[in-house]
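Colleague: The numbers in this note's numbering rise by one with no breaks, and the one at position 114 of the sequence shown is 131.
Built from N, CA and C at the ideal position, the CB exists for glycine as well.
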Amino acid sequence: MKAMISLILLSGGVSSRFGSPKALVDWNGCSLISSLQERLILTQIDEIIIVLGAHVHQIKPQVLNHNKIRIVYNKNYNLGQTSSLKIGLQQVSNAAEGVGFLPIDFPLILSQTIDDLVSEFLSKRPLILIPSFQGQAGHPPFLDISLRDKILNLPDYNGLNIFLKEHHRGVRYFDVIDSGVVSSFNTPDELKELRNKVA
């Protein structure tokens, strides 16, 4: 029986630099969050936990009704992404053996890449698996569930990157051919650049 793998889709931020909810930008004729959900559902991921916070009432109608998907709400979204990550992690199934973290602003990532990461994680069983593209570390990282308590004890002002650096001895990098693992956006101009990549 395959080990259970969860993924936390982080969509709780204020999107202050972008100016409107990133989850709701148009991506190939639907909202970005709908597009990402449709891709994630097709993968080996067993459980998708979507963390909402700011703009919850606008984004929630875009969450798909699917047995893989659950919503959690981070009322303290103003404390930053780590607080959302922790809220999501608290809801991960006790049966999960690994968990990935994907911010909402990675629109190009492919279903096949997620599957390749899950397969690598399950076969090699590293403490932390990080995708890389042309030498650049990307998202989503996958972590062994044994790290759950350490992450839950992180201060909200600490980013996950700091945690990953502190545990660098347990990190395994996995080269992928998908530039989507390193392609994110914070501004409308950056989104336009990503759209041009797939035009």
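(1) Are there three or more Cβ pairs, one per stretch, closer than 8 Å when the region 103 to 118 is compared with the region 18 to 30?
(2) Which same chain residues, not among the five before or five after L102, have their C-beta less than 8 Å away from its C-beta?
(3) Would you kindly work out how many angstroms separate the C-alpha atoms of D133 and G97, rounded to a whole number?
(4) Report the rounded CA-to-CA distance for R189 versus L160, giving the unit in angstroms.
(5) Rounded to a whole number of angstroms, what is the C-alpha to C-alpha distance between D43 and E64?
(6) If you draw a straight line from the C-alpha of K85 to the C-alpha of K182, how long is it?
(7) In this structure, what does DSSP give as the bridge partners for F123?
(8) Compute the distance between the beta-carbons of P259 and S52, then report whether it is under 8 Å.
(9) For the alpha helix (DSSP H) that contains I179, what are its first and last residues?
(10) Is it the case that the Cβ atoms of L146 and L164 are separated by a distance below 8 Å?
(11) Pick out whichever of R186, N91, R142 and S196 has its Cα sitting closest to the Cα of A154.
(12) Kindly indicate the opening and closing residues of the beta strand (DSSP E) around R148.
(13) Following the continuous beta strand (DSSP E) through V73, name the residue where it begins and the one where it ends.
Modeller: The answer reads as follows:
(1) yes
(2) Along the sequence shown, one-based indexing puts residue 102 at 85. Excluding positions up to five away in sequence, the list reads I25, L27, V68, F118, I168 and L177.
(3) Locating residue 133 in the sequence shown gives position 116, counting from the first residue. Locating residue 97 in the sequence shown gives position 80, counting from the first residue. Those two C-alpha atoms are separated by around 29 Å.
(4) Reading the sequence shown from its first residue, position 172 is the one you call residue 189. Reading the sequence shown from its first residue, position 143 is the one you call residue 160. Their backbone Cα atoms lie some 10 Å apart in a straight line.
(5) Numbered from 1 along the sequence shown, position 26 holds the residue referred to as residue 43. Numbered from 1 along the sequence shown, position 47 holds the residue referred to as residue 64. For D43 and E64, the distance between alpha carbons rounds to 25 Å.
(6) Taking the sequence shown and counting its residues from 1, one reaches residue 85 at position 68. Taking the sequence shown and counting its residues from 1, one reaches residue 182 at position 165. So the two alpha carbons sit approximately 31 Å from each other.
(7) Position 106 of the sequence shown, counting from 1, holds the residue named residue 123. Its beta-bridge partners do not exist; DSSP assigns none.
(8) Past the edges of the chain, shown from 18 to 216, lies residue 259, and the structure says nothing about it.
(9) Position 162 of the sequence shown, counted from the first residue, corresponds to residue 179. Start and end: L177 to E183.
(10) Residue 146 sits at position 129 when you count from the first residue of the sequence shown. Residue 164 sits at position 147 when you count from the first residue of the sequence shown. Taking 8 Å as the Cβ cut-off, L146 and L164 do not qualify as a contacting pair.
(11) If you number the sequence shown from 1, residue 154 lands on position 137. Comparing Cα positions, the closest option is S196.
(12) If you number the sequence shown from 1, residue 148 lands on position 131. For the record, residue 148 in the displayed sequence is Pro; it is not Arg. For P148, the enclosing beta strand (DSSP E) has its first and last residue at I145 to F150.
(13) On the sequence shown, residue 73 is found 56 positions in, with the first residue counted as 1. Not the beta strand (DSSP E): V73 falls in the alpha helix (DSSP H), residues V73 to I76.
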